[in-house]
Amino acid sequence: MILTTLEGVPGKEILEHYGIVQGSTVRAKNIGKDFLAGMKNIIGGELKGYTELLQEARQEALDRMVLQGQQLGANAIVNIRFATSSVAQGAAELFAYGTAVRVS
Amino acid sequence: MEDLIFILSPFFVIGFGYLIGAYFEKQHYESIRKRERQTLHLPVVNYGCKQPLPEAREARLVVGEVVISPDAFKTFVLALRNLVGGRVTVYETLLDRARRESLLRLKEEAIAWGATQVLNVRYETATIGNSSQQGVASLEVIVYGTAIR
């Protein structure tokens, strides 16, 4: 599966469109468990544990989008965008969407 | 005496946060400047979506992410700033660091893959639970684009 943020795949031609495909994940903070992150709030800086969590969540959202594309018979997803939203206090959604296409 | 320690303890935390936080911020900026010079040869542009597709053999999505937290001093300054309003310079540097760091991660991923150019780069920012009293105010930055080679 080829993923791009462009309106096509360079060097290839789009044969067929399958419409929008999407995938999302919702994460919550777990400060109760994550004492180190609480300490980090005093000295500041990168929260590495949360960066990993974000990477996993992003990968999961992309995987769900790719799965949806595969079910439609696509071999590429173009014009991918990420969006975030706060669904509840302390929880955030990460959302990936794009257009599933079949390329030559 | 114990009461005094209890009353002054938040100020110790803020002072500690200021000293350590400022030190790490300086270190981080030095690292950012150094890596920005190292990755200067890779063109990263945020156009390319509404233009003819470039000549390339392969394309793939590259992503850079960072989750960053303010220190106790910055949180304290923000609380004071909320009373009078105006610019919050300490948070501006925080955002600046997060954005530049995430872009550097994207570039490093693209260079490792052997990219000649990164097109149509977009930023996305989110926070989790910073409005509540409990919990760490954390800031997430995701930057993504298409690497071609």
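These protein sequences, in sequence, are chains A and B. Numbering-wise, our numbering puts 35 at position 35 of the first sequence, and it's gapless, one number per residue. Numbering-wise, our numbering puts 1023 at position 23 of the second sequence, and it's gapless, one number per residue. We treat Cβ as the ideally placed atom computed from N, Cα and C, and that holds for glycine. Predicted, not measured: the structure shown is a model, and the values here were computed from it.
For residue i, three-class secondary structure by DSSP
| i | result |
| --- | --- |
| Asn41 of chain A | helix |
| Val1013 of chain B | helix |
| Asn75 of chain A | coil |
| Glu1058 of chain B | coil |
| Thr1146 of chain B | strand |
| His17 of chain A | strand |
| Ser104 of chain A | coil |
| Thr1116 of chain B | coil |
| Arg1066 of chain B | The question names Arg, but residue 1066 of chain B is Val in the sequence shown. The answer is strand: DSSP assigns Val1066 of chain B an E or B state. |
| Leu6 of chain A | coil |
| Ala1137 of chain B | coil |
| Thr1125 of chain B | strand |
| Val1045 of chain B | coil |
Residue i, buried or exposed, once every other Cβ within 10 Å from all chains shown has been counted against 16
| i | result |
| --- | --- |
| Glu1140 of chain B | buried |
| Val1084 of chain B | exposed |
| Gly1135 of chain B | For Gly1135 of chain B, the predicted model reports a pLDDT of 48, less than 50, meaning its position is unreliable; a value from the coordinates is still stated below. Per the 10 Å Cβ criterion, buried. |
| Lys1026 of chain B | exposed |
| Ser1009 of chain B | exposed |
| Leu67 of chain A | exposed |
| Ser1132 of chain B | At Ser1132 of chain B the pLDDT is 48, less than 50, meaning the model places this residue with poor confidence and gives no usable figure here. |
Bridge-paired residues (DSSP) for residue i
| i | result |
| --- | --- |
| Gly23 of chain A | A:Ala96 |
| Val1088 of chain B | Answer is none; Val1088 of chain B lacks a bridge partner. |
| Phe82 of chain A | A:Ala96 |
| Ala1022 of chain B | The partner list for Ala1022 of chain B (beta bridge, DSSP) is empty, contrary to what the question assumes. |
Per-residue contacts from residue i into chain B (C-beta, under 7 Å)
| i | result |
| --- | --- |
| Gly44 of chain A | Gly1017, Gly1021, Phe1024, Ser1069, Pro1070, Asp1071 and Lys1074 |
| Tyr50 of chain A | Val1067 and Ser1138 |
| Ile9 of chain A | Note on residue identity: the sequence assigns Val, not Ile, to residue 9 of chain A. Result: Ala1059. |
Supposed close pair residue i, residue j - CB separation, criterion 8 Å
| i | j | result |
| --- | --- | --- |
| Ile14 of chain A | Leu1061 of chain B | With 8 Å as the limit, Ile14 of chain A and Leu1061 of chain B do not qualify as a contact, their Cβ atoms being about 17 Å apart. |
Partners in chain B for residue i, counting only beta-carbon separations shorter than 8 Å
| i | result |
| --- | --- |
| Ala83 of chain A | Glu1124 |
Contact set between residue i and chain A, taken where Cβ atoms lie within less than 7 Å
| i | result |
| --- | --- |
| Leu1145 of chain B | The amino acid occupying residue 1145 of chain B in the given sequence is Gly; Leu does not appear at that position. Thr5, listed in chain order. |
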